[in-house]
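Trainee: Numbering (the working numbering), first residue to last: 154 to 510. Glycine included, C-beta positions come from ideal geometry on N, C-alpha and C. In this text the structure is predicted, and so the values were computed from the model without any measurement. To start, I am sharing the structure in question, which I have written as structure tokens.
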């Protein structure tokens with residue numbers, strides 16, 4: 154009976170202690186720790202259950218980053234004016250061949266092919282001239298300067314025949330270019346070559362003939378031919394007049410007066426680069442910083458066709474567009490009206506605006 158009372162008392166006391174532990178915060182935890190240390194060991198052969206695996210905490214999804222606001226593109230700022238000389242670029246592959254771009258063998262083959270299809274009225278003359286020029290080109294005794302002249306002459310004859318064959322050519326243009334091919338050929342065939350041990354090779358008329366031949370090549374090139382038919386017609390006329398003067402100058406049966414008159418016409422071509430008005434035009438153009446291509450175009454056309462038609466042909470070249478426009482806006486310049494005319498009208502009609510000497 155006493156044992157029963159003690160067990161009852163123990164149970165009652167334990168219940169009372171448990172109630173106190175629950176009622177007082179933190180006391181249950183503190184008391185549990187030493188109690189856990191006196192827990193009975195697990196029975197032999199059994200392992201304590203593994204501690205529960207904590208469930209992974211829910212990871213909030215990453216916040217979506219709003220797309221960046223549209224930033225307006227920077228305003229276009231015009232690039233600074235490029236005053237440097239652009240590098241020379243080779244012509245496109247479909248560009249027509251010229252005396253400068255063709256190799257001698259290529260020029261020879263094209264010339265012979267054009268001669269084979271030349272109009273009957275000039276075929277004999279062009280064949281004779283081309284054969285002679287090609288022979289001089291291949292001659293090792295020919296100087297580089299003369300060889301370059303012969304190449305230009307052959308290229309000019311070839312260019313004239315090419316324009317004759319052009320299906321787009323008008324009957325008038327076809328007839329004019331046939332005459333030009335014949336006249337260049339006649340002059341080329343009559344050129345005299347002098348060689349001696351004490352004097353260099355002399356071929357005086359070759360220079361103006363080579364110059365007008367280059368002008369013909371320029372007419373045949375769509376990149377450089379004048380856009381207005383009036384201008385093309387005027388250049389063709391100058392070429393024919395030069396060939397006629399050469400023919401008279403080389404004719405042993407011509408009178409001294411006729412030869413002197415022909416000589417004056419030829420000298421106008423060869424001396425054009427020293428013409429005072431031409432030099433004034435060049436000085437004026439340099440004020441507007443032309444490219445080397447523009448300066449070369451003006452010089453080359455002046456040498457080929459003379460002052461002032463040749464100079465204005467060069468001034469109308471596409472490479473001179475910027476300085477020409479700048480000069481046309483310069484109303485205080487005495488060249489203002491001429492440049493304005495070249496921009497607006499056929500350049501051969503603008504000679505009247507050349508300032509008085």
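Can you tell me the Cα-Cα spacing of residue 320 and residue 408, whole angstroms?
Mentor: 42 Å
Trainee: Using the Cα positions of residue 326 and residue 317, report the straight-line distance between them to the nearest angstrom.
Mentor: The straight-line gap from Cα to Cα measures roughly 8 Å.
Trainee: Starting from residue 335 and walking both ways along the alpha helix (DSSP H), at which residues does that stretch end?
Mentor: Membership of residue 335 in the alpha helix (DSSP H) is indicated by the continuous run 324 to 342.
Trainee: Ignore the nearest five residues each way along the sequence and tell me which others in residue 491's own chain have a CB closer than 7 Å to its CB.
Mentor: 503, 506 and 507
Trainee: Which residue's Cα is closest to the Cα of residue 306: 335, 483, 461 and 435?
Mentor: Considering only alpha carbons, the answer is 335.
Trainee: Cutting at 7 Å between CB atoms, please list the residues of its own chain near residue 458, excluding the five before and the five after it.
Mentor: 368, 388, 391 and 466
Trainee: Around the Cβ of residue 445, are there at least 16 other Cβ atoms within 10 angstroms (buried) or fewer (exposed)?
Mentor: exposed
Trainee: Just tell me which of 401, 419, 333 and 340 has its CA closest to the CA of residue 370.
Mentor: 333
Trainee: Answer yes or no: do residue 419 and residue 399 have a C-beta to C-beta separation smaller than 8 Å?
Mentor: Contact flag set, yes.
Trainee: Taking residue 345 as part of the alpha helix (DSSP H), name the residues at either end of that continuous run.
Mentor: Element bounds for residue 345: n/a, residue is neither H nor E.
Trainee: When you measure from the CB of residue 283 to every non-hydrogen atom of the ligand SAM, does any distance come out below 7 Å?
Mentor: No copy of the ligand SAM appears in this structure; indeed no ligand is present at all.
Trainee: Is the separation between the beta-carbon of residue 286 and that of residue 341 shorter than 8 Å?
Mentor: yes
Trainee: Which same chain residues end up closer than 8 Å to residue 322 when comparing Cβ atoms and leaving out the 5 residues on each side of it in sequence?
Mentor: Excluding residues within five positions, the ones whose Cβ falls inside 8 Å are 316 and 330.
Trainee: Just to check my reading of the structure: residue 422 and residue 395 have Cβ atoms closer than 8 Å, yes? What is that Cβ distance to the nearest angstrom?
Mentor: 6 Å
Trainee: Using the Cβ count rule (16 or more neighbours within 10 Å means buried), how would you classify residue 485?
Mentor: exposed
Trainee: Along the alpha helix (DSSP H) that carries residue 393, what are the first and last residues, could you check?
Mentor: 382 to 403
Trainee: Tell me where the alpha helix (DSSP H) around residue 287 begins and ends.
Mentor: Counting along the chain, the alpha helix (DSSP H) containing residue 287 begins and ends at 273 to 291.
Trainee: Which same chain residues, not among the five before or five after residue 282, have their C-beta less than 6 Å away from its C-beta?
Mentor: 338, 341 and 342
Trainee: Classify residue 501 as helix, strand or coil using the three-state DSSP reduction.
Mentor: For residue 501, the three-state secondary structure derived from DSSP is helix.
Trainee: Using the three-state DSSP reduction, which class does residue 507 fall into: helix, strand or coil?
Mentor: coil
Trainee: Cα separation between residue 310 and residue 366?
Mentor: Approximately 7 Å between the Cα atoms of the pair.
Trainee: Thinking just about the alpha-carbon of each residue, which of 297, 472, 358 and 482 is nearest to the one in residue 403?
Mentor: Of the listed residues, the one whose Cα sits closest to residue 403 is 358.
Trainee: DSSP three-state label for residue 488, please.
Mentor: DSSP places residue 488 outside both helix and strand once states are collapsed to three, so it counts as coil.
Trainee: Mind checking whether residue 476 and residue 384 have CB atoms under 8 Å apart?
Mentor: no
Trainee: Would the beta-carbon of residue 470 fall within 8 Å of that of residue 380?
Mentor: no
Trainee: Quick check: the Cα distance between residue 461 and residue 453, rounded to an integer number of angstroms?
Mentor: 12 Å
Trainee: How would you label residue 361, buried or exposed, when you count the other beta carbons within 10 angstroms and need 16 or more for buried?
Mentor: buried
Trainee: Which residue marks the beginning of the alpha helix (DSSP H) containing residue 414, and which one marks its end?
Mentor: 409 to 423
Trainee: I need the DSSP call for residue 476, collapsed to helix, strand or coil.
Mentor: helix
Trainee: Tell me the residue span of the alpha helix (DSSP H) that contains residue 311.
Mentor: Run containing residue 311: 297 to 318, per the alpha helix (DSSP H) assignment.
Trainee: Give the secondary structure of residue 457 by DSSP, where H, G and I count as helix, E and B as strand, and everything else as coil.
Mentor: helix
Trainee: Whole angstroms are fine: how far does the CA of residue 478 sit from the CA of residue 488?
Mentor: C-alpha separation (whole angstroms): 12 Å.
Trainee: Assuming residue 464 and residue 434 form a contact by the criterion Cβ under 8 Å, report the distance between their Cβ atoms to the nearest whole angstrom.
Mentor: 6 Å
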